[in-house]
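In UniProt numbering, the protein residues as written are 1 to 322. Think of the CB as a built atom: it goes at the ideal place given N, C-alpha and C, for glycine as much as any other residue. All values derive from a computational prediction rather than experimental measurement.
Here it is, written out as structure tokens:
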């Protein structure tokens with residue numbers, strides 16, 4: 001793109017005529033008479049008259065060159081800033097590339113972890129079954145199912161057989177679990193006997209807990225800050241006493257009765273009796289409230305020969321009804 005000259009027209013003309021200075025050469029052949037002779041060309045004096053214009057032209061050109069230099073320096077600074085920005089962009093791009101490489105490495109590692117790994121069968125042949133172990137090794141059975149039984153229908157458990165570990169939730173009573181073989185006596189609350197096994201209470205329902213100890217809980221709740229009164233109220237529900245057993249032998253297929261005293265006991269209350277030492281394996285016993293404040297302890301020998309025992313004091317505990 002052509003540039004505009006910074007010189008005025010007069011200065012341009014002076015510069016153009018500046019070449020005439022080169023014409024002021026000395027030619028001895030043409031001017032043997034020195035400076036005033038005709039040996040010097042006549043265009044020299046005209047160029048000398050342009051001295052002031054030439055000086056201005058030189059000054060203006062110097063300013064133009066200085067301005068160009070400053071502009072070039074600014075361009076250099078701008079180029080340096082652009083280069084710095086480019087370096088920063090390149091650094092950021094390199095960082096992003098490193099991150100992408102790391103993600104790719106992790107993705108490849110994850111793929112290698114999955115590749116060749118054993119993926120669980122979403123629907124194995126043993127789905128819904130539980131492992132069992134016997135002498136032959138491990139085998140599988142169907143997982144026990146929980147059935148729900150109304151409290152009034154609980155006797156129906158006696159007609160239901162396993163499998164082992166099966167659960168039955170009896171409302172207001174608790175959770176029962178079936179096991180093969182015999183169990184505790186069938187009392188219609190703790191155990192229900194079946195043909196090949198039994199249902200045994202595993203977890204007690206809150207209704208049953210409340211029925212047994214609800215009065216005690218109420219007594220504690222109503223006692224408030226009167227802890228001693230609450231304890232006294234509970235203590236009145238549990239009575240203790242003793243029975244002196246002087247019997248030392250029970251005949252075959254017979255029994256012996258002994259009485260003890262527990263003040264406050266009433267017929268219908270629950271009684272437990274504890275011997276002072278172990279008994280002959282042929283003997284069994286049970287106790288009950290036979291009259292107010294009176295406990296009868298019966299020792300039974302169901303064997304074909306007599307059974308002996310040591311005389312001593314038996315401990316009696318009475319649990320008052322609700």
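With residue i and residue j assumed to form a contact (beta carbons below 8 Å), what rounded beta-carbon distance in angstroms separates them?
{"i": "residue 173", "j": "residue 158", "result": "That pair is no contact at about 14 Å."}
{"i": "residue 306", "j": "residue 251", "result": "5 Å"}
{"i": "residue 271", "j": "residue 318", "result": "5 Å"}
{"i": "residue 195", "j": "residue 167", "result": "In fact, because the Cβ distance is near 19 Å, the residues do not count as touching under 8 Å."}
{"i": "residue 295", "j": "residue 260", "result": "5 Å"}
{"i": "residue 279", "j": "residue 309", "result": "6 Å"}
{"i": "residue 162", "j": "residue 178", "result": "5 Å"}
Taking only three categories from DSSP, how would you classify residue i?
{"i": "residue 235", "result": "helix"}
{"i": "residue 88", "result": "helix"}
{"i": "residue 214", "result": "helix"}
{"i": "residue 244", "result": "strand"}
{"i": "residue 197", "result": "strand"}
{"i": "residue 81", "result": "helix"}
{"i": "residue 182", "result": "coil"}
{"i": "residue 137", "result": "strand"}
{"i": "residue 249", "result": "strand"}
{"i": "residue 305", "result": "coil"}
{"i": "residue 146", "result": "strand"}
{"i": "residue 9", "result": "helix"}
{"i": "residue 310", "result": "coil"}
{"i": "residue 321", "result": "coil"}
{"i": "residue 158", "result": "helix"}
{"i": "residue 99", "result": "helix"}
{"i": "residue 268", "result": "coil"}
{"i": "residue 106", "result": "helix"}
{"i": "residue 94", "result": "helix"}
Give me whichever residues DSSP pairs with residue i in a beta bridge.
{"i": "residue 189", "result": "For residue 189, which the question treats as bridged, DSSP gives no partner whatsoever."}
{"i": "residue 260", "result": "295"}
{"i": "residue 177", "result": "167 and 200"}
{"i": "residue 274", "result": "315"}
{"i": "residue 284", "result": "300"}
{"i": "residue 254", "result": "301"}
{"i": "residue 209", "result": "Residue 209 pairs with nothing; no bridge assigned."}
{"i": "residue 289", "result": "295"}
Would you mind stating whether residue i and residue j have Cβ atoms separated by less than 8 Å?
{"i": "residue 160", "j": "residue 243", "result": "no"}
{"i": "residue 247", "j": "residue 302", "result": "no"}
{"i": "residue 314", "j": "residue 245", "result": "yes"}
{"i": "residue 267", "j": "residue 289", "result": "yes"}
{"i": "residue 175", "j": "residue 202", "result": "yes"}
{"i": "residue 165", "j": "residue 180", "result": "no"}
{"i": "residue 200", "j": "residue 185", "result": "no"}
{"i": "residue 239", "j": "residue 273", "result": "no"}
Please name the residue, chosen from the options, that lies closest to residue i on a Cα-to-Cα basis.
{"i": "residue 326", "options": "249, 290, 314 and 103", "result": "Nothing about residue 326 can be reported from this structure: the residues present for the chain run from 1 to 322 only."}
{"i": "residue 269", "options": "256, 299 and 321", "result": "321"}
{"i": "residue 256", "options": "148, 218, 156 and 300", "result": "300"}
{"i": "residue 151", "options": "212, 205 and 237", "result": "205"}
{"i": "residue 148", "options": "138, 131 and 170", "result": "170"}
{"i": "residue 213", "options": "192, 235 and 193", "result": "235"}
Is residue i close to the ligand ADP? I mean its beta-carbon at under 7 Å from any heavy atom of the ligand.
{"i": "residue 311", "result": "In the structure on display, the ligand ADP does not appear, and there are no ligands present to speak of."}
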